[in-house]
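Chemist: So the sequences go chain by chain: A and U. Residue numbering for the first sequence is 2 to 308, as defined by my numbering. Residue numbering for the second sequence is 64 to 377, as defined by my numbering. Where is the CB? At the ideal position from N, CA and C, for every residue including glycine.
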Amino acid sequence: MKGLLLKNREGDSRIADMMIYVVYTLFALLCALPFYYIIVQTISDNYLVSTGQVFLIPRGIHFRNIISALKLDGMLMAAMVSIARTVVGTLFTLIGTTILGYAFSRREYWHRQFWYRFIILTMYFSTGLIPGFMNMKNLRLYNTFWLYVVPGTVSAYFMILYKTFVESIPASLEESAQLDGAGYAVRYARIILPLSLPMIATICIFAAVGQWSAFSDTLYMVSDSRLYTLQFKLYQFMNQAEQLAASMRSSGGNISSAAMEAELRNLMSSISIRTSVCLIVTLPVLLIYPFFQRYFIKGIMIGAVKG
Amino acid sequence: MSGHIIGTGKRFRTLKEPGFRLFLFTLPFLVMVFLFSYLPLWGWSMAFVDYKPGKAISECTFVGLKYFNMLFNNPVKYRELVRVMKNTLGMSFLGILTSWLPMIFAIMLKEIRATRYRKILQTVTTIPNFISWVLVYSLAFGMLSVTDGLVNKMLIKMGVVSQGINFLASKDHIWVKMWLLGNWKGLGWSAVIYLAALAGIDQELYEAARVDGAARHHIIRHIEIPGLLPTFVVLLILSIATIINSDFDKVYLFANAMNKESIETLDLYVYNQGIKNVQFSYTTAIGIMKSFVSIILIVFANTVAKKIRGESIL
């Protein structure tokens with residue numbers, strides 16, 4: 002009897018099975034916990050949160066935090082900037098990547114090897130932070146919206162993925178269109194594009210995530226607050242929260258109760274600001290990702306076949 | 064393929080070739096690549112002059128290899144460089160040493176036969192990969208902050224400690240903490256990638272092994288790990304090639320006055336000295352040397368890969 006209990010259908014140890022389940026489940030809980038905690042903090046009563054009375058169960062549920070966070074200075078602007086750069090930037094990337102990828106898949110491309118290497122080479126060296134910075138200034142892209150979307154138009158990596166995919170499309174399809182007199186643009190638009198939709202979807206998703214998550218370009222190349230992205234605003238609010246927390250710590254316990262109350266009220270708003278802005282920035286990803294997960298994985302598999 | 068210009072009669076033959084027209088279609092994009100990836104090379108000249116912002120490079124005093132020498136001859140700068148390289152290499156190395164972890168997690172994930180549950184695990188563990196480091200920082204702050212981080216609150220409640228532990232603003236175990244954060248974010252996704260690779264292993268091998276009476280650990284040792292090894296080796300070589308790089312967003316966001324000593328990587332150092340302290344010439348010189356070292360590493364890595372795999376990974 003014991004033998005039956007110890008082994009599963011394939012004859013492997015049930016104990017090992019259980020351990021695997023436990024380990025991976027713990028890992029998944031660890032991944033989910035920070036998100037859950039932020040949600041709990043944001044929808045719980047602010048006073049309870051700031052006096053440390055909220056753990057894993059939300060208490061005093063309300064949604065005012067999220068609404069007030071959206072009304073914060075610059076938040077709506079930042080939301081629009083983030084959305085705009087994600088949409089426009091992804092579009093630019095798709096256009097650049099697919100056109101170049103298709104063009105290079107054609108053997109008759111003028112000096113194909115040279116120009117292909119011209120692009121691939123950029124993956125292996127970087128000109129450095131400062132020259133890049135100066136370059137953006139010289140190109141008059143510094144502090145403009147185009148800085149977010151134009152440089153990413155040609156991504157060598159995505160281009161390779163797309164070119165590889167196009168090369169797997171049977172040549173006969175294009176050839177018959179060519180014999181019928183269709184030019185490159187028509188063949189590209191009518192045949193290649195529709196057939197390469199899976200790859201386009203994959204590139205689209207990765208590019209969109211990249212645009213939504215971008216932070217350092219705002220950090221060193223934007224000084225106009227109207228161009229701040231949601232990520233950057235979150236970063237700003239985080240800094241304020243830390244400064245406040247640090248001043249609370251350094252003043253130790255020697256504050257009068259009135260000052261303490263005022264500080265507490267400040268701390269309240271800084272915690273709730275931090276968690277609600279964090280929630281606003283996370284929510285799109287949390288909601289959309291589960292539905293698109295299979296495209297991410299499919300894309301990697303297509304890329305892996307190449308590598 | 065390309066047209067030769069032979070005599071006036073055929074002067075414009077090239078221009079009419081379809082391959083050339085194709086090239087013209089793509090010219091705007093090639094120009095963009097030039098503008099953003101090659102043109103900045105012009106800025107390398109900043110390393111050879113005493114650059115002052117506002118002046119054109121040509122107007123600045125030429126100083127030759129002054130800034131390159133400064134890195135090695137100036138004792139203060141040299142010590143900075145050593146410290147920063149130690150941090151960079153230390154953190155990269157830690158990642159390389161543990162780069163087999165995703166493989167093991169993938170093998171574990173595959174052993175979870177309940178499909179629905181496995182998909183849920185996949186989804187939950189891969190979400191962190193798609194959020195920005197700003198969000199990770201914000202979430203980490205929410206969990207680990209001294210006053211209202213969940214971890215500290217629980218520890219205090221359970222009586223383990225009387226005061227919150229300062230995880231984020233301390234100088235202890237920085238490399239390990241960064242490694243932990245990196246894994247929280249990336250392990251789930253890397254495991255899923257390896258899982259996809261596992262799916263590519265010939266099923267007949269499994270069946271043959273079972274018929275021969277192989278236990279699970281036999282299968283793992285003799286089929287799955289060897290099946291994943293090629294992918295692993297390629298990724299390993301690539302990470303050696305990028306050993307002097309670091310994730311800028313990660314180190315920038317988690318750096319503070321307390322941990323700066325151990326967390327400042329080469330990239331962060333270049334940012335701090337270059338943009339914040341406006342040391343353009345100095346940091347451009349560092350950047351140039353970094354580029355050369357990178358190229359050497361990549362060529363070396365590719366050579367090793369060729370020897371092992373019999374083909375290039377470039």
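Using a Cβ cut-off of 8 Å, pull out every chain U residue sitting near E109/A, in sequence order please.
Modeler: M64, E80, P81, G82, L85
Chemist: So with CB distances below 7 Å, who are the chain A contacts of G337/U?
Modeler: L130, I131
Chemist: Tell me the start and end of each unbroken alpha helix (DSSP H) in the stretch 168-197 of chain U that is at least 4 residues and wholly inside, in chain order.
Modeler: 178-189
Chemist: Leaving aside the five residues before and after I256/A along the sequence, list all residues of the same chain whose C-beta is less than 6 Å from its C-beta, in chain order.
Modeler: Low local confidence applies: a pLDDT of 48 at I256/A is under 50, so the model's placement there is unreliable, with the coordinate-based value given in what follows. No residues qualify anywhere along the chain.
Chemist: Please state the DSSP three-state secondary structure of F115/A.
Modeler: helix
Chemist: Residues of chain U with CB under 9 Å from L235/A, in chain order?
Modeler: S195, V197, L198, Y200, S201
Chemist: With 8 Å as the C-beta to C-beta threshold (strictly closer), list the residues of the stretch 352-366 of chain U near chain A in chain order.
Modeler: Contact annotation: in the stretch 352-366 of chain U, residues whose CB is within less than 8 Å of a CB in chain A are K353, S354, S357, I358, I361.
Chemist: Using DSSP's beta-bridge definition, name the partner residues of V112/U.
Modeler: F125/U
Chemist: What first and last residue would you give for the alpha helix (DSSP H) that runs through W238/U?
Modeler: 237-261 is the extent of the alpha helix (DSSP H) around W238/U.
Chemist: Please report the straight-line C-alpha distance between L291/U and L172/U, rounded to a whole angstrom.
Modeler: 14 Å
Chemist: Which partner residues of K8/A appear in the DSSP bridge assignment?
Modeler: S14/A
Chemist: Let me know the secondary structure DSSP gives D218/A once reduced to three states.
Modeler: helix
Chemist: Ordered along the chain, which non-local residues of its own chain (more than five positions away) have a Cβ less than 6 Å from that of G254/A?
Modeler: Because the pLDDT at G254/A is just 48, under 50, the model does not fix this residue reliably, and the value given afterwards should be weighed accordingly. Closer than 6 Å at the Cβ level, and outside the excluded window around G254/A, lies no residue.
Chemist: Name, please, each residue of chain A whose Cβ falls closer than 8 Å to the Cβ of L172/U.
Modeler: Y25
Chemist: Does DSSP classify G61/A as helix, strand or coil?
Modeler: Three-state DSSP puts G61/A in coil, outside helix and strand.
Chemist: Which of the three DSSP states is assigned to N319/U in this structure?
Modeler: coil
Chemist: Can you find a CB in chain A that lies within less than 9 Å of the CB of G315/U?
Modeler: Per the sequence presented here, residue 315/U reads as Tyr, with Gly not at that position. Closer than 9 Å to some Cβ of chain A, the Cβ of Y315/U qualifies, so yes.
Chemist: Within 10 angstroms of the Cβ of Y25/A, are there 16 or more other Cβ atoms? Answer buried if so, exposed if not.
Modeler: buried
Chemist: Could you spell out the range, first to last residue, of the alpha helix (DSSP H) harbouring S233/U?
Modeler: S233/U -> no alpha helix (DSSP H), and no H or E assigned at all.
Chemist: Taking a cut of 8 Å between CB atoms, which residues from the stretch 207-218 of chain U lie near chain A?
Modeler: S208, V209, T210, D211, L213, K216, M217
Chemist: Do P293/U and W252/U have their CB atoms nearer than 9 Å?
Modeler: no
Chemist: For W163/U, report the span of its alpha helix (DSSP H) as first-last.
Modeler: Here W163/U belongs to no alpha helix (DSSP H), and DSSP marks it neither H nor E.
Chemist: Can you check whether the C-beta of R395/U is within less than 9 Å of a C-beta belonging to chain A?
Modeler: Absent from the structure is residue 395/U, since the part of chain U shown begins at 64 and ends at 377.
Chemist: Please report the straight-line C-alpha distance between K149/U and N308/U, rounded to a whole angstrom.
Modeler: 12 Å
Chemist: With distances taken Cα to Cα, identify the nearest neighbour of L258/U among L134/U, P165/U, M95/U.
Modeler: P165/U
Chemist: Taking only beta carbons into account, state which residues of the stretch 85-116 of chain A come closer than 7 Å to chain U, listed in chain order.
Modeler: G97, I100, L101, A104, R107, E109, Y110, W111, H112, W116
Chemist: Which word fits V224/U, buried or exposed, when buried means at least 16 other C-beta atoms lie within 10 angstroms of its C-beta?
Modeler: exposed
Chemist: Out of F207/A, C279/A, L287/A, which has the shortest C-alpha to C-alpha gap to F297/A?
Modeler: F207/A
Chemist: Assign R86/A to one of two classes, buried (16 or more other C-beta atoms within 10 Å of its C-beta) or exposed (fewer than that).
Modeler: buried
Chemist: I'd like the span of the alpha helix (DSSP H) that includes Y48/A, first residue to last.
Modeler: Per DSSP, the unbroken alpha helix (DSSP H) holding Y48/A starts and ends at 47-51.
Chemist: I'd like to know whether the C-beta of T391/U is nearer than 9 Å to at least one C-beta of chain A.
Modeler: Only positions 64 to 377 of chain U appear in the structure, and residue 391/U is not among them; the question remains open.
Chemist: Cα separation between G153/A and F363/U?
Modeler: 29 Å
Chemist: Going by other Cβ atoms of all chains shown within 10 Å of its Cβ, with 16 needed for buried, is M19/A buried or exposed?
Modeler: Answer is exposed; the Cβ neighbour count stays below 16.
Chemist: Could you tell me which chain U residues have their CB closer than 7 Å to the CB of F146/A, listed as they occur along the chain?
Modeler: In chain order: nothing, as chain U lies at least about 16 Å away.
Chemist: What separation, rounded to the nearest whole angstrom, lies between the Cα atoms of Y37/A and R181/U?
Modeler: 20 Å
Chemist: Can you tell me which of the three DSSP states E80/U falls into?
Modeler: coil
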